[in-house]
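Participant: In full-length UniProt numbering, the protein residues as written are 1 to 690. Idealized CB from N, CA, C, for every residue including glycine. Sharing a structure below in structure tokens format, with a few things to ask.
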């Protein structure tokens, strides 16, 4: 008896394939395409600019065996379903698959689901649809535009600056934002100002207050002379009078559930996750984790979204759990809707747990550390978004003597609300003693403090993503690869978790700003993003959108080809000679940063890594110097300069002191908000320093 034909389902990743095959049963076979299978060629532009920007797609190198297997399985299948990710990129993959497998475009074979759970997947297969060509065209337009820009400017940078450089629409704006911020920092002129923080007492109770102003008007203290003038009008032996006590109830509402951007930002700030790490862990949680008796299940909804929308089913499930776990007073009757970013596609729900019943504690044993910490963040944020606000009692007190006013502010939490689940960096309660208008209080101490205004901070990953999103540049799926690219090209480097532009980044930015101003024009790029959204909504023709952008850009490329002068990046002398040929060594800039090389290159190819000594003798061998090194992932560590003869390494910075107890070396350990000197054996530690 012949074997019954099975339905073939094609997804993107093998881990997802296993999960979905288990849900669908024996009549389905699920295989993975391993992402894209067709793309524009790497060796040439691959876009015919004279014939409606016709793309020339080819099979991706290395995907031959995968394509052969997919074709074989498709021929013997009862029906083929295309279940790639539910976004523009996934729609394009489905379209490419339908071409390669010669599927009938009228045969409804596209299946999408926002979460990988049994009911959701089974329901999706009850209503397959056609491939959405508007989504495909929107992705195709972006891909073609990025190819036209990248493959036009990058060769110019190779010719005029150095090989291996690249330029792109979103990465150029990201780089430009970083350099503009650096220029602001360099041109910043600090201004002096002063504050007076004082301690008062009423009976045995003490509280703090700060100088506000004179005669009821706020007064800025610009220098010490202003401070002395204020203090001159005060009599420290005379009582101060409470002239105003204002009490209010303050509500603090929860933030909405995560979008891709807000998840990346929060994971960077609270978990110290790089953007790529966040997306990798989220992908794993979405595709499915084996959680014991329940088997493999997708733990979160689709992680590429710009929407804060939540399904009614998910809201009901969260409300039920909040009632059971915390009480009815914690469940919001009408959860607040998050403000959608301008141009949001709202194609999918916000990122949330596929079931809030799977609490982080319940499934912790099945997750690795990164997966657990991110799942806990997503679960807590979603639950909090469905809860009532935190309620605090606040009091603002004005204290007066001789028409000189101080102010004190107090706050105490009356009801935890959503903070029961989602802890934030909120200031601790500050309770004031019981004060009433007309009460007399005494001054215990006056503490004038000099300050200087600070320049704007360099962008962290979280801050840069926020800036790109607020300006309407890029989309959720573009942020992680954009930040990766500008670091791989060595246009920027991370210094203390913040982006610092390199000399090379400055050179590339100057060329793009001068010759391709539209590329770094935020309004222009945001407008283009809106037009790409218009293609998806079937309001714009993709060929016309590409043509509108490319025609003026092509003229800029011609002009730049003639006018950009060859940039000479002068080599900095290293201060010593080559040990092989005796010629001066110079500092060169490579893909991963600076290094020493012989000035006679390519005749002499001697190179050396640049090492930074920290002034500490190796505690293991007593001969070598401790130097800074970097791991393959770019993490700083410390090792002996005599490696491999001495294999001493430490993640924490050794210092030139020994432990007073065990006589081992001491290290400077980074902790939240500062550093601490500790013994690596755990025998000794000093008070933390901010």
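To which residues of the same chain is residue 296 closer than 7 Å at the C-beta, ignoring the five residues directly before and after it?
Facilitator: 18, 19, 22, 288, 289 and 290
Participant: CB-CB under 8 Å to residue 240, same chain, minus the five flanking residues each way: which ones, in chain order?
Facilitator: Excluding sequence neighbours, residue 240 sits near 200, 399, 400, 401, 406, 440, 441, 442 and 443.
Participant: Look up residue 587 in the DSSP assignment and give the residues it is bridged to.
Facilitator: 572 and 596
Participant: Spatial neighbours of residue 432 within its chain, please: C-beta separation below 7 Å, excluding the five flanking residues on both sides.
Facilitator: 207, 395, 397, 408 and 410
Participant: Residue 282 and residue 300: beta carbons closer than 8 Å?
Facilitator: yes
Participant: Kindly indicate which three-state DSSP category residue 344 falls into: helix, strand or coil?
Facilitator: Confidence at residue 344 is low in this model, with a pLDDT of 48, below 50, so its placement is unreliable and the value that follows should be read with caution. Of the three classes helix, strand and coil, the one that applies to residue 344 here is coil, per DSSP.
Participant: Going by the CB atoms, is the gap between residue 611 and residue 626 shorter than 8 Å?
Facilitator: no
Participant: Judging by CA-CA distance, which residue of 144, 686 and 81 is the nearest neighbour of residue 121?
Facilitator: 81
Participant: Can you check DSSP and say which residues form a bridge with residue 387?
Facilitator: Residue 387 is bridged to 331.
Participant: Excluding the 5 residues flanking residue 344 on each side, which residues of the same chain have their C-beta closer than 7 Å to its C-beta?
Facilitator: Confidence in residue 344 is poor, its pLDDT being 48 and thus under 50, which makes the residue's placement too unreliable to answer from.
Participant: Starting from residue 176 and walking both ways along the alpha helix (DSSP H), at which residues does that stretch end?
Facilitator: 169-187
Participant: Enumerate in chain order the residues of its own chain whose CB-to-CB distance from residue 157 is below 6 Å, with the five nearest sequence positions on each side excluded.
Facilitator: The beta carbon of residue 157 sits closer than 6 Å to those of 165, all from its chain and outside the five residues before and after it, given in chain order.
Participant: By Cβ distance, which residues of its chain are closer than 8 Å to residue 177, with the 5 residues on each side in sequence left out?
Facilitator: 459, 464, 467 and 468
Participant: With a cut-off of 8 Å on the beta carbons, I'd call residue 77 and residue 6 a contact; round off their distance for me.
Facilitator: 6 Å
Participant: Where residue 430 and residue 246 are concerned, what is the direct C-alpha to C-alpha distance, given to the nearest angstrom?
Facilitator: 15 Å
Participant: Since residue 530 is in the alpha helix (DSSP H), which residue starts that stretch and which ends it?
Facilitator: 522-536
Participant: At which residue ranges does the stretch 213-246 contain complete alpha helix (DSSP H) runs of 4 or more residues, listed in the order of the chain?
Facilitator: Those alpha helix (DSSP H) runs which fall completely within the stretch 213-246 and span 4+ residues are 224-232.
Participant: Given 8 Å as the limit, is there contact between the stretch 471-482 and the stretch 255-268, that is, 3 or more CB pairs closer than that?
Facilitator: yes
Participant: Looking at residue 93: is its Cβ nearer than 8 Å to the Cβ of residue 33?
Facilitator: yes
Participant: Please go through the same chain and pick out, in chain order, the residues whose beta-carbon is closer than 8 Å to the beta-carbon of residue 59, but skip the five residues on each side of it.
Facilitator: 37, 38, 67 and 100
Participant: Under a three-way DSSP split, which group does residue 682 fall into?
Facilitator: Note: residue 682 maps to coil in three-state DSSP.
Participant: Give the DSSP-derived three-state secondary structure of residue 39 in the structure shown.
Facilitator: strand
Participant: At the level of alpha carbons, what is the spacing between residue 346 and residue 304?
Facilitator: In this prediction, residue 346 scores a pLDDT of 47, lower than 50, which makes its location untrustworthy; the coordinate-derived value is nonetheless stated afterwards. Answer to the nearest angstrom: the Cα atoms are 11 Å apart.
Participant: Three or more C-beta pairs closer than 8 Å, one from the stretch 318-327 and one from the stretch 377-392: is that the case here?
Facilitator: A contact between stretches requires three or more CB pairs, one per stretch, nearer than 8 Å, and the stretch 318-327 meets this requirement with the stretch 377-392.
Participant: Note down, in chain order, each residue of its chain lying with its Cβ closer than 7 Å to the Cβ of residue 416, except the 5 sequence neighbours on either side.
Facilitator: 390
Participant: Measure the C-alpha to C-alpha separation of residue 188 and residue 162 and round it to an integer number of angstroms.
Facilitator: 32 Å
Participant: Does residue 1 pass the burial test, meaning 16 or more other C-beta atoms within 10 Å, or should it be called exposed?
Facilitator: No answer about residue 1 holds up, because its pLDDT of 43 lies below 50 and its placement is not dependable.
Participant: What residue range does the beta strand (DSSP E) around residue 454 cover?
Facilitator: Where residue 454 is concerned, there is no enclosing beta strand (DSSP E), given that its DSSP letter is neither H nor E.
Participant: With 16 as the cutoff for other CB atoms within 10 Å, does residue 537 come out buried or exposed?
Facilitator: exposed
Participant: At which residues does the alpha helix (DSSP H) containing residue 557 begin and terminate?
Facilitator: 542-563
Participant: Between which residues of its own chain and residue 695 is the CB-CB distance below 7 Å, once the five residues before and five after are set aside?
Facilitator: The chain is shown from 1 up to 690; residue 695 falls before or after that span and cannot be answered.
Participant: Would you say residue 588 and residue 571 are within 8 Å of each other, going by their C-beta atoms?
Facilitator: yes
Participant: Leaving out the 5 sequence neighbours to the left and right, which residues in its chain are closer than 7 Å to residue 526 when beta-carbon positions are compared?
Facilitator: 471, 472 and 473
Participant: Where do the N-terminal and C-terminal ends of the beta strand (DSSP E) with residue 459 fall, by residue?
Facilitator: The continuous stretches of beta strand (DSSP E) do not include residue 459, and DSSP gives it neither H nor E.
Participant: Using only the alpha-carbon positions, how far apart do residue 672 and residue 604 sit?
Facilitator: The straight-line gap from Cα to Cα measures roughly 47 Å.
Participant: Report the rounded CA-to-CA distance for residue 641 versus residue 624, giving the unit in angstroms.
Facilitator: Cα-Cα distance, rounded: 5 Å.
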